[in-house]
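As you go down the protein sequences, you meet chains A and B in turn.
Every number in this note's numbering is 1 more than the matching position in the first sequence, counting from 1.
Every number in this note's numbering is 1 more than the matching position in the second sequence, counting from 1.
Using N, Cα and C, we set each Cβ at its ideal position, and we do this for glycine too.
2 protein chains.
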Amino acid sequence: MLNAADINFYLSVFRWLDLKDMMDLARLAHTKELKAGEIYIQPGSTSQKLAYIKAGLIRTYSLKENGDEVTLMLRWENQFVASFDSVILAKPSRFIYQALEATTLVEVDYHKAKHIIDRSPELSAASHTFLLHMLGDAMDRLEGFVLLSPEERYLKLVHEKPDINNRVPDKYLATLLGIAPGSLSRIRKRIALQHKR
Amino acid sequence: MLNAADINFYLSVFRWLDLKDMMDLARLAHTKELKAGEIYIQPGSTSQKLAYIKAGLIRTYSLKENGDEVTLMLRWENQFVASFDSVILAKPSRFIYQALEATTLVEVDYHKAKHIIDRSPELSAASHTFLLHMLGDAMDRLEGFVLLSPEERYLKLVHEKPDINNRVPDKYLATLLGIAPGSLSRIRKRIALQHKR
DNA sequence: CCCAAAAATTAACAATGGTTAATTAACGCT
DNA sequence: AGCGTTAATTAACCATTGTTAATTTTTGGG
Chain A
2 MLNAADINFY
12 LSVFRWLDLK
22 DMMDLARLAH
32 TKELKAGEIY
42 IQPGSTSQKL
52 AYIKAGLIRT
62 YSLKENGDEV
72 TLMLRWENQF
82 VASFDSVILA
92 KPSRFIYQAL
102 EATTLVEVDY
112 HKAKHIIDRS
122 PELSAASHTF
132 LLHMLGDAMD
142 RLEGFVLLSP
152 EERYLKLVHE
162 KPDINNRVPD
172 KYLATLLGIA
182 PGSLSRIRKR
192 IALQHKR
Chain B
2 MLNAADINFY
12 LSVFRWLDLK
22 DMMDLARLAH
32 TKELKAGEIY
42 IQPGSTSQKL
52 AYIKAGLIRT
62 YSLKENGDEV
72 TLMLRWENQF
82 VASFDSVILA
92 KPSRFIYQAL
102 EATTLVEVDY
112 HKAKHIIDRS
122 PELSAASHTF
132 LLHMLGDAMD
142 RLEGFVLLSP
152 EERYLKLVHE
162 KPDINNRVPD
172 KYLATLLGIA
182 PGSLSRIRKR
192 IALQHKR
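Below, the structure is given as structure tokens:
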């Protein structure tokens with residue numbers, strides 16, 4: 002069940018946890034490998050998976066009526082990923098979660114883990130902190146849409162996550178920024194020209 | 002300190018609370034009246050006020066370098082309002098919170114209320130639920146920016162909060178939607194024309 | 001009730017983004 | 001390495017928005 006590498010992993014990520022709680026959690030957790038391009042969560046899914054990304058990158062996207070894909074979120078190594086609709090709102094997921102790279106997840110069922118989380122002060126605090134982080138990220142991104150132009154949003158994104166350009170196709174980045182893929186090309190070109198002077 | 006109306010109010014809003022917890026909270030709480038136009042929270046403020054809006058409407062806005070005001074958030078009666086930066090991130094507020102109407106708040110200092118919240122399972126759960134709601138709102142609004150056009154965002158806003166048009170000046174609504182005030186006028190006109198046919 | 005100030009509308013123009021289609025470049029698979 | 005597929009770029013054109021300034025409307029105070 003647990004090999005030495007796994008134990009090391011749990012000890013490092015949850016070192017602030019009571020040992021018993023950690024073992025209880027570890028019993029519920031398992032590792033999942035996704036190939037590049039593989040779908041992690043299908044729309045309509047209600048499973049309350051909560052996953053820590055050990056390595057790789059997950060894209061959350063939506064399908065519009067006309068068939069267009071719109072990227073809503075990107076999550077990568079050392080972040081958590083969960084179906085927002087299923088875990089937070091307890092509804093079927095409207096979105097698709099796809100691994101863009103070979104991805105390693107450590108997954109627990111939130112529904113099963115909940116009673117462990119609830120009885121551990123540290124885990125409760127951690128889940129609170131997790132929510133705060135999610136909220137902080139969301140607010141920050143909202144500010145970007147209200148305060149910044151598409152060009153500025155793009156610059157902010159590459160500043161915060163420089164390797165994103167090499168890991169995520171432009172067409173996905175574009176819709177994440179709220180613009181069309183062609184526009185991202187133009188913005189890139191505009192920036193390059195300004196830089197040359 | 003507490004009059005009959007106040008007691009009624011606390012009993013109705015926090016009826017699911019342990020009586021002792023409720024009394025402890027009520028001791029920390031006080032009512033605050035704001036006139037239309039009055040500033041509630043100044044930028045730079047670090048006070049961790051957490052307020053329930055009994056009546057009225059609060060606008061959160063930011064000042065850009067060029068002096069332009071950009072509205073980030075609107076909160077109204079029966080919602081909570083708090084300085085996101087101060088309470089969630091424990092930083093000085095970057096934003097200005099202003100009452101757009103005569104507004105009645107019931108206010109507690111989150112810093113002082115925290116130990117009451119922490120020792121009450123009901124209050125802890127409520128604060129968790131509160132965060133989930135904030136997160137849900139933020140995600141929903143993010144979806145709007147990624148999936149919808151400005152016109153569709155405007156229609157969504159008036160659909161969700163029909164009286165917003167009569168309570169908030171257009172110039173504030175415009176920046177909330179991520180567009181310029183002039184554009185909102187045009188969008189309004191376009192919609193009216195389409196409707197006439 | 002009137003007047004001054006603020007807000008909303010409108011128009012003209014510039015800048016930007018959306019859309020489509022064609023071309024080029026990059027990628028991935030065998 | 002080569003080939004077919006997918007992604008990215010580019011261009012042309014259209015639609016929409018941003019910007020500014022002038023005009024009209026609305027609002028609120030005296």
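- In this structure, the straight-line span from the alpha carbon of alanine 91 of chain B to that of alanine 127 of chain B is close to 20 Å.
- Residue environment: alanine 175 of chain B is assigned as buried (16 or more neighbouring CB atoms within 10 Å of its CB, all protein chains considered).
- Within a 10 Å sphere around the beta-carbon of alanine 5 of chain B sit fewer than 16 other beta-carbons, which makes this residue exposed.
- From the beta-carbon of histidine 112 of chain A, no residue of chain B is found nearer than 9 Å; the closest lies around 16 Å away.
- Note that the C-beta distance between arginine 142 of chain B and leucine 143 of chain A is below 7 Å.
- Judged by DSSP secondary structure, glutamate 34 of chain B falls outside any alpha helix (DSSP H) and instead within the beta strand (DSSP E) spanning 31-35.
- Scanning its chain for C-beta atoms nearer than 8 Å, with the 5 sequence neighbours on each side dropped, one finds around leucine 29 of chain B the residues Val109, Asp110, Lys113, Ala114 and Ile117, in chain order.
- If you draw a 10 Å sphere on the C-beta of alanine 83 of chain B, you find 16 or more other C-beta atoms in it, and that means buried.
- A distance below 7 Å between beta-carbons, with the five flanking residues on each side excluded, links proline 182 of chain B to the following residues of its chain, in chain order: Asp171, Lys172 and Ala175.
- Pairwise C-beta distances place the segment 129-140 of chain B in contact with the segment 85-101 of chain A, as three or more of them are shorter than 8 Å.
- Membership of alanine 91 of chain A in any alpha helix (DSSP H) is not indicated, and neither H nor E is assigned to it by DSSP.
- Taking each of A/Ser184, A/Val169, A/Gly68 and A/Ser186 in turn and checking the Cα distance to methionine 74 of chain A, the smallest one comes out for A/Val169.
- For alanine 181 of chain B, not one C-beta of chain A is nearer than 7 Å to its own C-beta.
- Neighbours of glutamate 144 of chain A in chain B, taken as residues at a C-beta separation under 7 Å, are given in chain order as Leu73.
- Residue contact with chain A for alanine 139 of chain B: present (Cβ-Cβ distance below 7 Å to some residue of chain A).
- In this structure, glycine 179 of chain B and valine 147 of chain A form a Cβ contact; the two beta carbons are roughly 5 Å apart against a cut-off of 8 Å.
- For phenylalanine 81 of chain A, the enclosing beta strand (DSSP E) covers residues 81-83.
- Tryptophan 17 of chain B and glutamate 161 of chain A have their C-alpha atoms some 43 Å from each other.
- Proximity of isoleucine 89 of chain A to chain B, defined by a Cβ-Cβ separation below 7 Å, is satisfied.
- Under the Cβ criterion of 7 Å, leucine 124 of chain A is not counted among the residues facing chain B.
- In chain order, Ser87, Val88, Asp110, Tyr111 and His112 place their CB closer than 7 Å to the CB of glutamine 49 of chain A, counting only its own chain and leaving out the 5 sequence neighbours on each side.
- Contact of valine 82 of chain B with chain A is not assigned, every C-beta pair being separated by 7 Å or more.
- In this chain, the alpha helix (DSSP H) harbouring valine 147 of chain A covers 122-148.
- Using a 10 angstroms sphere on the CB of isoleucine 59 of chain B, the tally of other CB atoms reaches 16 or more, which defines it as buried.
- Proximity to aspartate 19 of chain B across B/Asp164, B/Pro122 and B/Leu158 peaks at B/Pro122, based on C-alpha coordinates.
- Taking a C-beta cut-off of 7 Å against chain A, none of the residues of the segment 8-42 of chain B qualify.
- Distances from the alpha-carbon of aspartate 164 of chain A to those of A/Phe96, A/Glu78 and A/Pro151 put A/Glu78 closest.
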